[in-house]
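Okay, so here's the structure we're looking at.
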Amino acid sequence: METAPPFALLLDVDGPIASPVTRTVKPEIIALLNELGAAGIPIVFNTGRSDAFIREQVMDPMVAAGMPEDLMVHAVCEKGATWFSFTARGAGTVHVDHGLAVPSAFADDVRGLVAASYSGHMFFDETKRAMVSVEQRVDVSNADYRAEQERFDADAMGLMARHGLGATRLDHHVPGSDDSVDYRVDPTIISTDIESVRLGKDLGAARACERLRRDGIVPEAWYTMGDSRTDYAMADWLHHNDHVVAHVDVRPADGVPEKPYRILTSASLGLGPEVIHDDAGLAFLLRWRDALALAD
């Protein structure tokens, strides 16, 4: 019987892996992902990004950097609505849960809204299969984008009402205040996602475990990593389902909640609070790689 991996990685992409500024992944991170995978550490991405983004910004660079032939990496995208696996030979079938998709007529209206009123600051993400996402243009400052984002989010809520779609804004929602809605508007630091309320990083964690169990892999523990409060949901789900888990928060300035599992930040590595996002992600990947080398 094969030995269980000492840990598995469940990684948000924007922030800890891909820079929220450039939307690309450092070559050093790509190399470390290949090294950790080659050492037998299961890697699953759990992201709101599309499968196309993962292929272009993560899979293709990993393959180009010499991804091991026997390594399989899993990607749960659009917060659990889509998922696929990839190897050095490329991407496998993309699975889509169409029951979690936003109505196409609403998506068309959002596309038109962006083109008519917001194209100077943001763009409509044409690669999403289930969610509707609008993202900051890279040539626009985040401060300018965030000001426009407030107006866009309000307009998006108005569109939802005109389509007869019950919705709430995640950043304004009071738990229990209205749990009958089917959709939510979820603003992040560089985008707004409009999605089924059934999507989330907890669903992504469940799909991640399904993918590993399919291959007979049950890790001894998990490290989850993210840059927002919603990313804690993946560690919450793992802990609730009796997995040993520690969560890495690469942007703790938003506030670190009380949780029944370990929470790690750049301070845990003796680094300053200014080490955030993919710089913090890189530091943790290095620590895990070095720990495996010492264990050998």
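Numbering (our numbering), first residue to last: 99 to 394. We treat Cβ as the ideally placed atom computed from N, Cα and C, and that holds for glycine.
DSSP three-state assignment for residue i, whether helix, strand or coil
i      : result
Val161 : helix
Gly368 : coil
Arg282 : strand
His261 : coil
Leu390 : helix
Val123 : strand
Gly274 : Low local confidence applies: a pLDDT of 40 at Gly274 is under 50, so the model's placement there is unreliable, and no value is given.
Glu293 : strand
Asp347 : strand
Met99  : Note that Met99 has pLDDT 41, beneath the 50 cutoff, so the model's placement of it is unreliable and the number below is only indicative. Note: Met99 maps to coil in three-state DSSP.
Tyr330 : helix
Arg235 : coil
Asn339 : coil
Gly302 : helix
Ile128 : helix
Val142 : strand
Ala116 : strand
Tyr359 : coil
Gly324 : strand
Ala381 : helix
Ala422 : Here the chain comprises residues numbered 99 to 394, so residue 422 is not present and cannot be evaluated.
Val156 : helix
Gly135 : helix
Close-in-space but distant-in-sequence residues of the same chain around residue i (CB under 7 Å, 5 per side omitted)
i      : result
Glu233 : Met220, Phe221, Asp223, Ile288, Ser289
Val192 : Asp149, Thr180, Phe182
Thr122 : Ala116, Gln155
Ala331 : Gly298, Lys299, Asp300
Own chain partners of residue i with C-beta closer than 6 Å, once the 5 adjacent residues on each side are dropped
i      : result
Ile315 : Pro140
Ala150 : Thr225
Gly178 : Leu297, Leu301, Gly302, Arg305
Ile374 : Val348, Arg349
Ser202 : none
His341 : Trp320
Met170 : Ser183, Thr185
Whether residue i touches residue j by CB criterion (7 Å)
i      : j      : result
Ile115 : Gly379 : yes
Asp352 : Arg327 : yes
Leu383 : Ala137 : no
Phe182 : Met157 : no
Ala228 : Ala199 : yes
Asp325 : Gly113 : yes
Arg387 : Leu130 : yes
His337 : Val343 : yes
Gly262 : Asp280 : no
Pro358 : Phe105 : no
Chain-order list of residues whose beta-carbon lies under 8 Å from that of residue i (same chain, five-residue window excluded)
i      : result
Arg244 : Ile287
Ala381 : Ser364, Leu367, Leu369, Val373
Asp242 : His219
Ala393 : Pro104
Taking contact to mean 3 or more Cβ pairs, one atom from each stretch, closer than 8 Å, check whether the segment 194–209 and the segment 249–268 are in contact.
yes
Whole alpha helix (DSSP H) elements within the segment 161–233, 4-residue minimum
202–211
Is the segment 135–146 touching the segment 166–176 in the sense that three or more CB pairs, one from each, lie closer than 8 Å?
yes
For the 8 Å Cβ check, are there 3 or more pairs between the segment 102–113 and the segment 308–325?
yes
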